[in-house]
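Letter 311 of the sequence shown, counting from 1, is numbered 311 in full-length UniProt numbering, and no numbers are missing.
Glycine included, C-beta positions come from ideal geometry on N, C-alpha and C.
The structure under discussion appears below in the form of structure tokens.
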Amino acid sequence: MPELAVENVVVHPLVLLSVVDHFNRIGKVGNQKRVVGVLLGSWQKKVLDVSNSFAVPFDEDDRDDSVWFLDHDYLENMYGMFKKVNARERIVGWYHTGPKLHKNDIAINELIKRYCTNSVLVIIDVKPKDLGLPTEAYISVEEIHDDGTPTSKTFEHVTSEIGAEEAEEVGVEHLLSVYRDIKDTTVGTLSQRITNQVHGLKGLNSKLLDIRSYLERVAAGKLPINHQIIYQLQDVFNLLPDVNLRDFTKAFYLKTNDQMLVVYLASLIRSVVALHNLINNKISNRDADGGDGRTVGDSQHSRCSTSEPDSESGKLDYREEEKKKSC
């Protein structure tokens with residue numbers, strides 16, 4: 001296998017936002033299944049840093065893959081304007097929203113190679129159905145056939161990741177925080193952490209299913225053995241702990257007991273605080289009612305019913321009589 005010109009592709013969040021915006025704008029005015037654009041960035045040894053992008057007018061025939069159109073004049077004009085703003089960003093490849101490779105991607109890639117020799121294709125899934133990164137990177141290579149037939153162009157998969165500078169991370173985190181506030185203002189930090197862990201476990205489960213499917217196909221002879229993949233899987237399995245060891249089981253139990261003790265103490269403290277607040281509330285209500293434990297109505301009734309006759313005349317005082325009438 002020939003040595004690849006790039007080993008890793010780093011896609012910035014700004015590129016993802018631009019691609020999603022491009023797809024949404026085109027989807028409102030047409031029925032295109034995918035959109036195409038140009039990637040801008042820089043090379044650092046064998047790491048490609050994709051920091052910007054712009055859309056390019058593109059159309060293709062759904063019935064004939066060989067019929068397609070890409071406005072390279074528009075591409076050149078846009079690149080000229082981008083170059084005036086930031087001369088460090090150069091054309092490093094192109095993107096489309098796939099979500100998979102198409103038959104005419106090789107032909108489109110040959111056109112992009114006029115502006116970049118080592119053109120990289122990044123497929124960005126704007127509507128991902130599975131958990132994981134929405135990007136897949138490819139680079140074209142010459143495929144040599146064992147039967148002596150002429151070589152042909154094909155795509156080789158390249159690892160990709162999402163990366164950002166410090167300023168971009170701050171902006172993206174601000175956007176995410178605003179989105180969370182708008183989406184649900186009642187969701188707390190704990191629920192967010194649990195939700196993220198559930199999503200992570202679902203993604204891990206899907207990857208494990210892919211590994212099992214691949215190994216089953218290799219064992220059945222449907223796929224050739226790739227020793228590099230087998231070695232990487234073996235390294236992953238070697239990192240797994242041996243749950244049958246007595247020391248590991250004991251340490252796991254101790255850790256679990258410590259965590260459960262903290263949860264139990266927190267529950268006790270919460271109950272004591274709730275009881276303390278209840279007692280304080282009861283005392284506050286008693287002080288507001290007069291301090292003797294009786295309600296305001298009972299106090300007024302007692303004052304109205306305890307009228308005594310005048311000692312000299314034996315008649316009720318005028319004020320006491322009026323008070324009785326009011327009661």
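According to the neighbour-count rule (16 or more other Cβ atoms, all chains shown, within 10 Å of its Cβ), is Glu136 buried or exposed? buried
Alpha carbon of Ala288 to alpha carbon of Leu275, nearest angstrom: 20 angstroms
Which residue marks the beginning of the alpha helix (DSSP H) containing Gly27, and which one marks its end? 13-29
Whose C-alpha, out of Asn86, Asn118, Glu173, Phe82, is nearest the C-alpha of Val92? Asn118
Is the beta carbon of Val19 closer than 9 angstroms to that of Ile124? yes
Alpha carbon to alpha carbon, how far is Phe54 from Lys45? Give it in angstroms, no decimals. 24 angstroms
Are the stretch 30-41 and the stretch 95-108 in contact at 8 angstroms, needing three or more beta carbon pairs? yes
Going along the chain, which residues of its own chain have a beta-carbon closer than 7 angstroms to the beta-carbon of Val6, five neighbours each way excluded? Lys46, Leu48, Asn118, Val120, Ile139, Val158
Please classify Phe23: is it buried, with 16 or more other beta-carbons within 10 angstroms of its beta-carbon, or exposed? buried
Taking Leu40 as the reference, give the member of Arg63, His72, Leu16, Arg90 with the closest Cα. Arg90
How is Val122 classed by DSSP in three states: helix, strand or coil? strand
Which two residues bound the contiguous alpha helix (DSSP H) that contains Ala288? 246-289
Could you spell out the range, first to last residue, of the alpha helix (DSSP H) harbouring His145? Unbroken run through His145: none, as it is neither H nor E.
Cβ atoms of Ser66 and Asn104: under 9 angstroms apart, would you say? yes
Beta-ladder partner(s) of Ser152, from DSSP: Glu143
To the nearest angstrom, how far is the alpha carbon of Leu14 from that of Gly171? 10 angstroms
Please report the residue range of the beta strand (DSSP E) in which Tyr95 lies. 90-96
Here's the rule: buried if 16 or more other CB atoms are within 10 angstroms of the residue's CB, otherwise exposed. What is Ile112? buried
Same chain, Cβ closer than 6 angstroms to Ile230, neighbours up to 5 away in sequence not counted: none
Does DSSP put Ser51 in a helix, a strand or coil? strand
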